[in-house]
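Remarks on the structure that follows.
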Amino acid sequence: MFDFEFHNPTRVIFGRGKESVIGAELRQGGASKVLLVYGSGSTKRTGLLDRVLGYLSENSIQAVQFGGVVSNPVLSHARRGVEIAKNEKVDAVLAVGGGSVLDEGKAIAVGALASDDIWGYYTGKVPEAALPIYAILTLAATGSEMNGTSVMTNEETKQKYPMKSSAIYPTVSILNPELTYTVPPDYSAYAAVDAVAHVIEGYFTKDGGPVLQDRFVESIIKAVMETSRIFMEEPDNYDARAEFMWAATLALNGLTLTGVKGFSFPNHMIEHSLSAIYNIAHGAGLSIVIPAWMKWYSRSHPRQFERFSQEIFGVSGVGAGIEALESWYRGLHAPVRLGDADIPAADIDMIAANAHDTGVRWGIGDEYPVSAIAEILSLAT
Ligand code: NZQ
Ligand code: ZN
8 MFDFEFHNPT
18 RVIFGRGKES
28 VIGAELRQGG
38 ASKVLLVYGS
48 GSTKRTGLLD
58 RVLGYLSENS
68 IQAVQFGGVV
78 SNPVLSHARR
88 GVEIAKNEKV
98 DAVLAVGGGS
108 VLDEGKAIAV
118 GALASDDIWG
128 YYTGKVPEAA
138 LPIYAILTLA
148 ATGSEMNGTS
158 VMTNEETKQK
168 YPMKSSAIYP
178 TVSILNPELT
188 YTVPPDYSAY
198 AAVDAVAHVI
208 EGYFTKDGGP
218 VLQDRFVESI
228 IKAVMETSRI
238 FMEEPDNYDA
248 RAEFMWAATL
258 ALNGLTLTGV
268 KGFSFPNHMI
278 EHSLSAIYNI
288 AHGAGLSIVI
298 PAWMKWYSRS
308 HPRQFERFSQ
318 EIFGVSGVGA
328 GIEALESWYR
338 GLHAPVRLGD
348 ADIPAADIDM
358 IAANAHDTGV
368 RWGIGDEYPV
378 SAIAEILSLA
388 T
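The opening position of the sequence shown corresponds to residue 8 in our numbering, with each subsequent residue numbered one higher.
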C-alpha cells in the first residue's frame, strides 16, 4: 500500500425523484442565478428540463438557459457559455445531462471566473477557482459527477484534452437512476464499456499495489457486467440502473486509485484521439482500443492478465480473458475494430501522432512512441 491523500468534496444525493431538491440545495448554497447547462434535446424530450425550471422558480432561483452541448463537447460552444455566464453574472452552474454536459459545465464554471481563455486550462494551466458546480446526472458512465476532471475537444485542432483541478469537483451531484431509463441502447452499452475502462487502466498499469484495490476493481467490473446485462434487456429496471450508476461513479472518483502508484491511462490516451478526429462515442472508441492495447501490453506484462482471466471470466491464460472481454463488447453491439466505426486503417499513423501528443502531456510519451501506438492500432484492424 503506497501513501496517499484522498479527499472527495462532492456531496452525492442518490435516489428516486431526488432532482426535486435542486432548488433548495442551490438556495442553501447561496446561489440566486444559475447558468442551466444542458444537451441537445433529451432533457427537453423527457420533461426533465421543465421540471428543473419549476424546482428553481419555487426557490426563487433565476435560470439562464444554455442548451446545445453536444456529445464530445466542443470548445467553441463552451466559450459561448463562458461569455453568457460572465454577461449574466450567474453565481453557479447547474449541469443537467450526461458526462458531456457536466464537462462543459465545468469548463464554463472555470471560464466565468478567469480573465484568460479556457483552452489554456486544458493545455497546462491548472484553474484555482470556479463557480460552484451542481449536477443532475442523466447518463451514468464517465464519473464526472464526482471527480475533478473535464474533457474538452478543440474542434479546430482536433485535440481532446482533460482539465483537472480540485476546483471543479461538483458541489452537489444528484443521481436519480430513473433518469437513466431513457438512455438509448447504444449509449447504455458505451456507458458499460467506459465504466469498466476506468478501472481497467489502473488495474493493469500500476506498479503492484494492495490486493484491496484489485478486489475493488474486480467487483466494479463484475457489477457492471451483471447490471448491464439486465438493463440492456429491461431499460427501466431500477435496481440494475441504480447499482450500475453508483458503480460507474465509484469507477472514476479516485477511490480505486488510492494506495497505488505508477498507473497511466493509455487506452484513454488513444481513444480521445479517435473521438476527437471522428467524433465517435467515447465508449465506442474504447471497445476498439482496449482489446488491441491488451494484446500488445500483455506481451510484456502477462501476470495481471492471467489474474483478470481467472477472476473476471473464470478462464485461464492471458489471451482467454482478452477474448472474453471482446465477446462481452460484441454482445453489447459495441465496435471492436476500427472498421466497425468506419475508421480507415490508412489513418493509423495520423491517429497515432495525435495520441502521442496526449501521451507526452500525460508523461507517457516515452512508453508510447508513435510507432507503439501505431502498432496497437494495427491490432485493431
Ligand atoms: O445531448 P442530449 O440530448 O442530452 O443526449 C445525450 C447524448 O446524445 C444522450 N443522453 C444523455 N442522457 C440521456 C440521453 N438520452 C436519453 N435519455 C437520457 N437520460 O446520450 C448521448 C451521450 O451523452 P454524453 O453526455 O456525451 O455521454 P457520456 O456521459 O458518455 O459523456 C461522454 C463525454 O465524457 C468524456 C468523454 O470523452 C466524452 O467527451 N469523459 C469524461 C470524463 C470525466 N469528466 O471524468 C472521463 C471519461 O473517460 C471521458 O473521457
Ligand atoms: Zn472514459
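Quick reminder that beta carbons are idealized off the backbone N, C-alpha and C, glycines included. Given the structure is predicted, the values throughout are model-derived calculations rather than measurements.
Check: Alpha carbon to alpha carbon, what distance is there between S27 and L43?
Finding: Roughly 15 Å separates the two Cα atoms.
Note to self: At 3 residues or longer, what runs of the beta strand (DSSP E) sit wholly inside the stretch 163–222?
What the structure shows: If you keep only unbroken beta strand (DSSP E) runs of at least 3 residues inside the stretch 163–222, you get 166–171 and 179–182.
Notebook entry, point to check: Taking the alpha-carbon positions, what's the D356 to A291 distance?
Noted result: Distance from the CA atom of D356 to the CA atom of A291, rounded to whole angstroms, is 20 Å.
Check: Is V59 closer than 8 Å to I29 when the C-beta atoms are compared?
Finding: Pairing I29 with V59 gives a Cβ-Cβ distance under 8 Å.
Check: S282 and N79 look like a contact to me (Cβ under 8 Å); what is the Cβ gap, rounded to whole Å?
Finding: Right, the Cβ-Cβ distance comes to about 5 Å (below 8 Å), so this counts as a contact.
Checklist line | Under the three-state DSSP convention, the category K268 falls into | finding: Secondary structure at K268: coil, using DSSP grouped into helix, strand and coil.
Notebook entry, point to check: Any chance the stretch 130–146 sits against the stretch 176–190, with 3 or more Cβ pairs inside 8 Å?
Noted result: A contact exists between the stretch 130–146 and the stretch 176–190.
Checklist line | beta strand (DSSP E) segment containing M357, residue limits | finding: Looking at the DSSP string, M357 is not in any beta strand (DSSP E); the run it does join, the alpha helix (DSSP H), is I355 to R368.
Notebook entry, point to check: Is the beta carbon of D201 within less than 7 Å of some heavy atom of the ligand ZN?
Noted result: The closest heavy atom of the ligand ZN lies less than 7 Å from the beta carbon of D201.
Item checked: Best match in Y188, H205 and E162 for proximity to V150 [C-alpha to C-alpha] -> Note on identity: in this sequence residue 150 is Gly, with Val being the wrong assignment. The option with the nearest alpha carbon to G150 is H205.
Checklist line | Environment of A38 [buried if 16+ CB atoms lie within 10 Å] | finding: With 16 or more other Cβ atoms within 10 Å, it is buried.
Item checked: Own chain, CB closer than 6 Å to N154, minus 5 neighbours either side, in chain order -> The residues L259 and N260, in chain order, have a CB closer than 6 Å to that of N154 in the same chain once the five nearest residues on each side in sequence are set aside.
Notebook entry, point to check: Using the rule of at least 16 other Cβ atoms within 10 Å of the residue's Cβ for burial, across every protein chain shown, is N94 buried or exposed?
Noted result: So N94 ends up on the exposed side.
Next item on the list: Look up A102 in the DSSP assignment and say whether it is helix, strand or coil.
Entry: If DSSP states are grouped into helix, strand and coil, A102 belongs with the strands.
Check: Should A148 be listed as close to the ligand NZQ, given that the test is whether its C-beta is under 7 Å from any heavy atom?
Finding: With a threshold of 7 Å, the Cβ atom of A148 counts as near the ligand NZQ, since some heavy atom of the ligand is closer than that.
Next item on the list: Count the other C-beta atoms from every protein chain shown that fall within 10 angstroms of the C-beta of D214, then say buried if there are 16 or more, exposed otherwise.
Entry: A residue is called buried once 16 or more other Cβ atoms fall within 10 Å of its Cβ, and D214, having fewer, is exposed.
Check: Which first and last residues belong to the beta strand (DSSP E) in which V325 is found?
Finding: In the DSSP assignment, V325 falls outside any beta strand (DSSP E) and lies within the alpha helix (DSSP H) extending over V325 to G338.
Checklist line | Bridge partner(s) assigned by DSSP for T156 | finding: DSSP lists K171 as partners of T156.
Check: Leaving out five residues before and five after E250 in sequence, what residues of the same chain have Cβ atoms less than 7 Å from its Cβ?
Finding: In chain order, A230 and T234 place their CB closer than 7 Å to the CB of E250, counting only its own chain and leaving out the 5 sequence neighbours on each side.
Checklist line | Between the CA atoms of V322 and P351 - distance to the nearest angstrom | finding: A straight line joining the alpha-carbon of P351 with that of V322 spans about 33 Å.
Next item on the list: Take L294 and list the residues in its own chain whose beta-carbon comes closer than 7 Å to its own, dropping the five residues that flank it on each side.
Entry: The residue you asked about is not Leu; residue 294 is Ser in the sequence shown. V200, Y336, A341, P342 and V343.
Next item on the list: May I ask whether a heavy atom of the ligand NZQ can be found less than 7 Å away from the beta carbon of V158?
Entry: At least one heavy atom of the ligand NZQ lies closer than 7 Å to the C-beta of V158.
Note to self: I'd like to confirm something about S83: is its beta-carbon nearer than 7 Å to some heavy atom of the ligand NZQ, or not?
What the structure shows: Not so, every heavy atom of the ligand NZQ lies at least 7 Å from the Cβ.
Next item on the list: Determine contact between the stretch 361–374 and the stretch 165–172, defined as no fewer than three beta-carbon pairs at a distance below 8 Å.
Entry: Between the stretch 361–374 and the stretch 165–172 there are three or more inter-stretch CB-CB distances shorter than 8 Å, so the stretches are counted as touching.
Next item on the list: Work out the CA separation of F272 and G127 for me, nearest whole Å.
Entry: Those two C-alpha atoms are separated by around 22 Å.
Next item on the list: Report, in whole angstroms, the separation of the C-beta atoms of A255 and A202, which I expect to be a contact under 8 Å.
Entry: About 4 Å; that satisfies the 8 Å criterion.
Next item on the list: With DSSP as the reference, label F21 as helix, strand or coil.
Entry: In this structure, F21 counts as strand in the three-state DSSP scheme.
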